[in-house]
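K.L.:
Protein sequences, first through last, are from chains A and B. All residue numbers for the first sequence refer to this note's numbering, where the first residue is 571 and numbers rise by one. All residue numbers for the second sequence refer to this note's numbering, where the first residue is 4 and numbers rise by one. Beta carbons are placed, not taken as given, at the ideal position from N, Cα and C, and that holds for glycine. Note that this is a predicted model, so its numbers are computed, not measured. Okay, handing you the structure first.
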Amino acid sequence: AQSVTQLGSHVSVSEGALVLLRCNYSSSVPPYLFWYVQYPNQGLQLLLKYTSAATLVKGINGFEAEFKKSETSFHLTKPSAHMSDAAEYFCAVSDRGNNAGNMLTFGGGTRLMVKP
Amino acid sequence: EPEVTQTPSHQVTQMGQEVILRCVPISNHLYFYWYRQILGQKVEFLVSFYNNEISEKSEIFDDQFSVERPDGSNFTLKIRSTKLEDSAMYFCASIFGGRGGGETQYFGPGTRLLVL
């Protein structure tokens, strides 16, 4: 079974500082990988996803993530944090294959706090 | 932009009562999902639904749970006899499903269920 680990349930950065949120997966076959963001009282919104050859994936709001097979990682970064980035971030995986309906397995989430 | 909607946003019920949570997926989507998030815990997959039948379900989705697509737009989750441990945020999600694996799941804003 798939599992996803997000190191750090809470991360605090200063405005303008680098954001790094960690995600590691366990799977013998690299899965599809996703980062979702949840703002207070809202649903989950896709930030970016890795589904094919390009290992550096760019998403919305200046976020990007790099798939590293050797490290089974898909860490999320943003060069300069903004106050509006404060939210909960979830890494998720689904099995690779032709079945379009595969479920998502989520990590525990990381709450990002941005200090002025 | 099309979005997944859920009603109600909050529901309080007494233990042992039946609840129905409602979702309207994006109109041309074919796969539907329910996930839940107990406070402070991971988002967990409950069930996926395609072509008017369950395609996959987790161990959480026992006989107390059922799903239905009663008409062309709604997708419901019923809990027959609620328990205290059913208190959680319930998310509905959908995908088109015709584009191979790795499609983005679009999530609704969630229904917060509190069982007293």
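1) The beta strand (DSSP E) with L674(A) in it runs from where to where?
2) Using 10 angstroms around the beta-carbon of S97(B), count the other beta-carbons present and answer buried if the total reaches 16, otherwise exposed.
3) Assign E21(B) to one of three DSSP states: helix, strand, or coil.
4) Could you give the C-beta distance for G679(A) and C593(A), rounded to a whole number, given that I count them as a contact under 8 Å?
5) Does Q108(B) have its Cβ less than 8 Å from a Cβ in chain A?
6) Leaving out the 5 sequence neighbours to the left and right, which residues in its chain are closer than 7 Å to P600(A) when beta-carbon positions are compared?
7) Skipping 5 residues on each side, what residues in its chain have a beta carbon closer than 8 Å to that of R72(B)?
8) What span of residues does the beta strand (DSSP E) with V627(A) cover, start to end?
9) Are three or more beta carbon pairs between the segment 613-630 of chain A and the segment 571-582 of chain A nearer than 8 Å?
10) What is the DSSP secondary structure of N594(A), counted as helix, strand or coil?
P.N.:
Let's see:
1) Segment: none, L674(A) is in no beta strand (DSSP E) and carries neither H nor E.
2) buried
3) coil
4) About 10 Å separates the two Cβ atoms, so there is no contact after all.
5) yes
6) K639 and R666
7) F35, F52, N55, F78 and T79
8) L626 to K628
9) no
10) strand
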